[in-house]
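For my numbering, add 2 to where a residue sits in the sequence shown, where the first one is 1. Even glycine gets a Cβ: it sits at the ideal position worked out from N, Cα and C.
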Amino acid sequence: ALAPKWPIAHFNLANALKDQHRNEEAVAEYQAALALDPPFKPAIFNNMALAYGVMNRNEDVLRCYNLALEADATFPETHNNLASHLSALGRLEEAEHHFR
3 ALAPKWPIAH
13 FNLANALKDQ
23 HRNEEAVAEY
33 QAALALDPPF
43 KPAIFNNMAL
53 AYGVMNRNED
63 VLRCYNLALE
73 ADATFPETHN
83 NLASHLSALG
93 RLEEAEHHFR
């Protein structure tokens, strides 16, 4: 059984679900991990953004990346992933800022 108070268990389950293209379920597990206030929030938000991206939920993708930046503005994966997503949306000037 999943340890309900162990955020890494929720995170790992979410990643496994995402890898199986079960993105709605993955998002629910990422949210469960976040509810436990873990120290690795940027990683959770980044992976949740990727799950939302597969579902073409661009507003949720951008919200997740912004929350990841709020949690840790120095997390390089967030800047890279956000820049890539903005670039795909044609928002090149915004993307350039995060690529730098």
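Residue range of the alpha helix (DSSP H) that includes residue i
i	result
P44	43-56
T80	78-90
H100	94-101
L36	25-37
K20	9-21
R65	60-73
Assumed close pair residue i, residue j - CB separation to whole angstroms, cut-off 8 Å
i	j	result
D74	P44	5 Å
N48	E27	About 18 Å separates the two Cβ atoms, so there is no contact after all.
P40	P6	Actually they are not in contact, since the Cβ atoms of P40 and P6 sit about 13 Å apart, beyond 8 Å.
A53	I46	Contact flag wrong, Cβ pair sits at about 11 Å.
Spatial distance of residue i from residue j (CA atoms)
i	j	result
N83	N68	11 Å
R24	F13	14 Å
L19	S89	27 Å
F101	H81	6 Å
L91	N60	9 Å
L17	L64	For clarity, residue 17 is Asn in the given sequence; the question names Leu instead. Going from the Cα of N17 to the Cα of L64 covers about 19 Å.
E1	A85	Shown here, the chain extends from 3 to 102; a query on residue 1 therefore has no answer.
L15	Q33	12 Å
A37	A30	11 Å
A70	T76	10 Å
With 16 other Cβ atoms within 10 Å as the buried cut-off, status of residue i
i	result
E57	For the sequence presented, residue 57 should be read as Met rather than Glu. That one is exposed.
H87	buried
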